[in-house]
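Chemist: Structure provided below as C-alpha coordinates; questions to follow.
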Amino acid sequence: MSRSARHFLDLLDVELEDICADLREMEELMRTRIAASDLTEYVFQENSALLEFEIACISRLRIAIRNHAFEPDADIDAASAEVIQLCAHETRRMQMPFLNSGETTD
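All letters in the sequence shown, in the order written, are residues 143 to 248 by the working numbering.
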(Lines of atoms letter the chains of each structure in order from A and count residues from 1; the text may use other names and numbers.)
(Lines give C-alpha, C1' and ligand atoms only; values in the text may rest on other atoms or scores of the structure.)
Protein backbone atom coordinates (compact mmCIF):
# COMPACT_ATOMS: atom_id res chain seq x y z
CA MET A 1 0.00 0.00 0.00
CA SER A 2 1.28 3.45 -0.82
CA ARG A 3 2.41 5.77 1.96
CA SER A 4 -0.35 8.23 1.10
CA ALA A 5 -2.99 5.48 1.33
CA ARG A 6 -1.62 4.34 4.72
CA HIS A 7 -1.55 7.95 5.92
CA PHE A 8 -5.16 8.40 4.73
CA LEU A 9 -6.29 5.31 6.66
CA ASP A 10 -4.42 6.40 9.79
CA LEU A 11 -5.98 9.87 9.63
CA LEU A 12 -9.42 8.38 9.03
CA ASP A 13 -9.05 6.22 12.13
CA VAL A 14 -8.08 9.25 14.23
CA GLU A 15 -11.01 11.26 12.86
CA LEU A 16 -13.49 8.47 13.56
CA GLU A 17 -12.13 8.18 17.10
CA ASP A 18 -12.53 11.95 17.48
CA ILE A 19 -16.16 11.74 16.33
CA CYS A 20 -16.83 9.14 19.03
CA ALA A 21 -15.27 11.43 21.63
CA ASP A 22 -17.44 14.32 20.41
CA LEU A 23 -20.57 12.17 20.67
CA ARG A 24 -19.64 11.22 24.24
CA GLU A 25 -19.12 14.89 25.03
CA MET A 26 -22.58 15.66 23.64
CA GLU A 27 -24.01 13.06 25.99
CA GLU A 28 -22.26 14.72 28.94
CA LEU A 29 -23.63 18.11 27.88
CA MET A 30 -27.11 16.61 27.85
CA ARG A 31 -26.55 15.43 31.44
CA THR A 32 -25.85 19.01 32.50
CA ARG A 33 -29.02 20.13 30.73
CA ILE A 34 -31.01 17.58 32.75
CA ALA A 35 -29.52 19.01 35.96
CA ALA A 36 -30.56 22.49 34.83
CA SER A 37 -34.05 21.20 33.91
CA ASP A 38 -33.50 22.21 30.28
CA LEU A 39 -34.00 18.63 29.15
CA THR A 40 -36.37 15.92 30.30
CA GLU A 41 -35.16 12.50 31.35
CA TYR A 42 -37.21 10.95 28.53
CA VAL A 43 -35.55 13.09 25.85
CA PHE A 44 -32.16 12.38 27.38
CA GLN A 45 -32.77 8.63 27.30
CA GLU A 46 -33.91 8.75 23.66
CA ASN A 47 -30.97 10.90 22.56
CA SER A 48 -28.48 8.96 24.66
CA ALA A 49 -29.58 5.65 23.14
CA LEU A 50 -29.10 7.07 19.65
CA LEU A 51 -25.67 8.48 20.49
CA GLU A 52 -24.55 5.17 22.00
CA PHE A 53 -25.75 3.32 18.91
CA GLU A 54 -23.85 5.73 16.66
CA ILE A 55 -20.71 5.32 18.77
CA ALA A 56 -21.02 1.53 18.57
CA CYS A 57 -21.47 1.68 14.79
CA ILE A 58 -18.47 3.96 14.31
CA SER A 59 -16.38 1.70 16.54
CA ARG A 60 -17.39 -1.35 14.49
CA LEU A 61 -16.56 0.54 11.31
CA ARG A 62 -13.11 1.41 12.66
CA ILE A 63 -12.50 -2.27 13.40
CA ALA A 64 -13.72 -3.28 9.94
CA ILE A 65 -11.37 -0.78 8.28
CA ARG A 66 -8.42 -1.90 10.43
CA ASN A 67 -9.09 -5.57 9.68
CA HIS A 68 -9.73 -5.11 5.96
CA ALA A 69 -7.13 -6.58 3.62
CA PHE A 70 -6.46 -3.64 1.33
CA GLU A 71 -4.72 -4.35 -1.94
CA PRO A 72 -0.94 -4.31 -1.39
CA ASP A 73 -0.44 -1.89 -4.29
CA ALA A 74 -3.43 0.33 -3.40
CA ASP A 75 -2.98 4.03 -3.87
CA ILE A 76 -5.07 6.60 -2.01
CA ASP A 77 -7.88 6.52 -4.61
CA ALA A 78 -8.18 2.74 -4.43
CA ALA A 79 -8.04 2.76 -0.63
CA SER A 80 -10.71 5.45 -0.37
CA ALA A 81 -12.95 3.55 -2.80
CA GLU A 82 -12.59 0.44 -0.66
CA VAL A 83 -13.38 2.46 2.47
CA ILE A 84 -16.58 3.75 0.83
CA GLN A 85 -17.58 0.18 0.01
CA LEU A 86 -16.80 -0.91 3.57
CA CYS A 87 -18.85 1.97 4.96
CA ALA A 88 -21.81 1.09 2.76
CA HIS A 89 -21.62 -2.58 3.69
CA GLU A 90 -21.18 -2.03 7.43
CA THR A 91 -23.86 0.66 7.72
CA ARG A 92 -26.38 -1.54 5.91
CA ARG A 93 -25.42 -4.46 8.12
CA MET A 94 -25.93 -2.33 11.23
CA GLN A 95 -29.12 -0.82 9.75
CA MET A 96 -27.77 2.71 9.79
CA PRO A 97 -28.46 5.20 6.99
CA PHE A 98 -25.71 5.56 4.41
CA LEU A 99 -25.68 8.26 1.77
CA ASN A 100 -23.06 7.73 -0.93
CA SER A 101 -21.76 10.75 -2.82
CA GLY A 102 -24.14 11.62 -5.63
CA GLU A 103 -27.20 10.19 -3.87
CA THR A 104 -30.00 12.33 -2.55
CA THR A 105 -32.64 11.82 0.10
CA ASP A 106 -35.49 12.84 -2.24
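Idealized CB from N, CA, C, for every residue including glycine.
With DSSP run on the structure shown, which of helix, strand or coil describes leucine 153?
Modeler: One-based indexing of the sequence shown puts residue 153 at position 11. The answer is helix: DSSP assigns leucine 153 an H, G or I state.
Chemist: Rounded to whole angstroms, what is the Cα-Cα separation between glutamate 213 and aspartate 164?
Modeler: Position 71 of the sequence shown, counting from 1, holds the residue named residue 213. Position 22 of the sequence shown, counting from 1, holds the residue named residue 164. Their Cα atoms are separated by approximately 32 Å.
Chemist: Once DSSP output is grouped into helix, strand and coil, what is the label at proline 231?
Modeler: For the purposes of this step, residue 231 is taken as the residue at position 89 of the sequence shown. Per the sequence presented here, residue 231 reads as histidine, with proline not at that position. Histidine 231 falls in the helix class under three-state DSSP.
Chemist: What's the call for valine 156, buried or exposed, on a 16-neighbour Cβ count within 10 Å?
Modeler: Taking the first residue of the sequence shown as position 1, residue 156 is located at position 14. Exposed is the call here.
Chemist: How is the alpha helix (DSSP H) around phenylalanine 195 delimited, first residue to last?
Modeler: In the sequence shown, counting from the first residue as 1, residue 195 sits at position 53. 183 to 209 is the extent of the alpha helix (DSSP H) around phenylalanine 195.
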